[in-house]
Ligand SMILES: [Zn+2]
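Residue numbers (the working numbering): 70 to 220.
Here it is in structure tokens:
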């Protein structure tokens with residue numbers, strides 16, 4: 070992934086997402102999961118919407134079937150891209166406890182997928198983690214910083 074690539078998020082979407090994590094924090098660290106949509110323009114990815122699909126979500130519990138999880142994720146992403154005519158679809162979930170780092174289950178899922186992005190929403194921030202282990206022994210893990218923009 071190029072260093073020049075930038076991730077932009079409109080302020081209202083940033084506020085809504087972080088609010089989801091804030092609310093979850095007040096309710097026993099309830100996790101919410103969904104999709105984040107973005108348009109690609111040259112070297113920019115610009116978030117243009119999101120969709121909450123699981124509330125509450127059990128993101129940090131070992132999946133019963135890794136294969137089903139992978140199939141489901143890839144199927145949903147392709148479907149969303151086609152139906153909504155969107156360039157980029159990322160899976161996101163909240164970390165109401167405020168931890169920006171990936172949970173050990175988050176990392177295990179990325180390891181299983183061999184490549185992908187997980188977007189983590191804390192009560193204060195939106196962070197992405199790009200993971201790629203397809204061509205290197207040691208995985209490439211890049212932190213994606215979302216810059217807030219005013220539309
Ligand atoms: Zn997590």
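Even glycine gets a Cβ: it sits at the ideal position worked out from N, Cα and C.
In this structure, residue 179 keeps its C-beta atom at 9 angstroms or more from the C-beta atom of residue 168. Here residue 103 is buried, its C-beta having at least 16 other C-beta atoms within 10 Å.
In this structure, the C-beta of residue 175 approaches ligand 1 to less than 8 angstroms from one of its heavy atoms. For residue 201, the uninterrupted beta strand (DSSP E) run begins and ends at 195-201, by DSSP.
By the neighbour-count criterion, in which a residue is buried when 16 or more other Cβ atoms sit within 10 angstroms of its Cβ, residue 205 is exposed. Within the same chain, Cβ atoms closer than 6 angstroms to the Cβ of residue 202 are found at 183, 208, the five residues on either side in sequence being excluded.
The three-state secondary structure of residue 78, taken from DSSP, is strand. Contact between the region 73-83 and the region 103-118 is present, with at least three C-beta pairs closer than 8 angstroms. Cβ contact annotation for residue 79 (same chain, cutoff 7 angstroms, sequence separation greater than five): 116, 218, 220, in chain order.
Ligand 1 has no heavy atom closer than 8 angstroms to the beta-carbon of residue 121.
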